[in-house]
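Undergrad: Quick one: the structure is below, questions incoming.
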Amino acid sequence: MDLVHVRSMRTPRSRAELALAPGEALLGGGTYLFSTPQPPEVTGLVDLTAMGWRAVVPRDDGGLRLAATCTWAQLAAIPETATRTAAPLFRQAARALLASFKVWNTATVGGNMALAYPASMMTVLACALDATVRVWDADGGKRRVPAEDFVTGDMTTVLGPGDVLRAIDFPAAPLDGRTAFRSWSKAPLGRAAGMAAGRRDADGRLTVVLAGATTHPYVLRFDGVPEALELARAIDPIDTWFGDQQGALEWRRALSYLAAEEIRLELAEAA
Ligand SMILES: Cc1cc2nc3c(=O)[nH]c(=O)nc-3n(C[C@H](O)[C@H](O)[C@H](O)COP(=O)(O)OP(=O)(O)OC[C@H]3O[C@@H](n4cnc5c(N)ncnc54)[C@H](O)[C@@H]3O)c2cc1C
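Residue numbers (my numbering): 730 to 1000.
Structure follows, in structure tokens:
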């Protein structure tokens, strides 16, 4: 789609050049920005892909870092030696974006998290694996935000105007956990109406993430595999269920309980 109010396009090469002028917006892959009309106030784009960040970088602790500009195709191509027993969850995350070859090769993981749709699979992946989001603040500072605190609501995050999501850091230990994933939608190839992911660590701890049916992700943590009732009671306080054209609230909430229980059972066997 033509963005008729956009008059300028910049390709920064350094952090200093990333500072946004009035009217400028950050551009990742543009698969959202160019798919829908933008407010007339958006008059310029600043292309993050010109920064030349390496898409996937091994970390000293054995974890890995994904640059914000890592595309879904690059995410899918990460070797299993890097993602270890969590490899299935990376594959499921990469496949969750039901899109054409063009979108697949252009959409970025940082754009996905910054856009913060409830169906942001990158957010689910990051939450399930205890990842941290590295943010470059507009005022020149830096901060690290736990992935589970990054998205605050439907299309809202902790990012302020001009803040840049620089990278997503995956620590080593959760990559050695066993994972499970469920998602559901009204149509076989429709956008996810809900998603649940789980991780069982070698020491038995269980993490369950619910998203897509709620305005922001929820991360539930247990010292071991809980009883079904304990898991259900941990879900009960969630109060941001919502419904829209992807599915009714009650249906999405009911399937979230079901998916969490399926994940509990699946990972109970993965000791
Ligand atoms: C066919 C199709 C299917 C889709 N399916 C899904 C889906 O299932 N789930 C889903 O969540 N989305 C979906 N999307 C929406 C979107 O394409 C994806 O979320 C994609 O990953 C966005 O990444 P991008 O790099 O293209 O973002 P862009 O369009 O470049 O940017 C999206 C927003 O994030 C901001 N932004 C981008 N990068 C950064 C950064 N590093 N720091 C700060 N702000 C930034 C931009 O300013 C903009 O506001 C779909 C889109 C299409 C066209």
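Backbone N, C-alpha and C define an ideal beta-carbon position, used for all residues, glycine too.
Note that this is a predicted model, so its numbers are computed, not measured.
Using the Cα positions of V862 and V785, report the straight-line distance between them to the nearest angstrom.
TA: In a straight line, the C-alpha of V862 is about 14 Å away from that of V785.
Undergrad: Any heavy atom of ligand 1 closer than 7 Å to the beta-carbon of R873?
TA: Result no, Cβ not under 7 Å from ligand 1.
Undergrad: Taking Cβ positions, are V771 and A797 nearer each other than 8 Å?
TA: Contact flag unset, no.
Undergrad: Should Q974 be labelled buried (16 or more other beta-carbon atoms within 10 Å of its own) or exposed?
TA: Exposed: under 16 other Cβ atoms inside 10 Å.
Undergrad: Flag V732 as yes when its Cβ comes closer than 7 Å to any non-hydrogen atom of ligand 1, and as no otherwise.
TA: Note on residue identity: the sequence assigns Leu, not Val, to residue 732. L732 Cβ: outside cutoff for every heavy atom of ligand 1.
Undergrad: Nearest by alpha-carbon distance to R907: which of V775, N834, P817, A805 is it?
TA: Among V775, N834, P817, A805, the Cα nearest to that of R907 is on P817.
Undergrad: Just mark M884 as buried or exposed, buried being the case when its beta carbon has 16 or more other beta carbons within 10 Å.
TA: Under this definition M884 is an exposed residue.
Undergrad: Where do the N-terminal and C-terminal ends of the alpha helix (DSSP H) with F819 fall, by residue?
TA: Per DSSP, F819 belongs to the alpha helix (DSSP H) from 816 to 825.
Undergrad: Look up T740 in the DSSP assignment and say whether it is helix, strand or coil.
TA: Looking at T740 - three-state DSSP - the assignment turns out to be coil, as it is neither helix nor strand.
Undergrad: Could you pull the start and end residues of the beta strand (DSSP E) that R962 belongs to?
TA: R962 -> not in any beta strand (DSSP E); alpha helix (DSSP H) instead, spanning 957 to 964.
Undergrad: Is V733 buried or exposed, if buried means 16 or more other CB atoms sit within 10 Å of its CB?
TA: Label assigned to V733: exposed.
Undergrad: Determine contact between the region 740 to 747 and the region 802 to 822, defined as no fewer than three beta-carbon pairs at a distance below 8 Å.
TA: No, the region 740 to 747 does not touch the region 802 to 822.
Undergrad: Could you give the distance in angstroms between the alpha-carbon of V887 and the alpha-carbon of T881?
TA: When rounded, the distance between both Cα atoms is 7 Å.
Undergrad: Kindly indicate which three-state DSSP category I897 falls into: helix, strand or coil?
TA: Correct three-state label for I897: strand.
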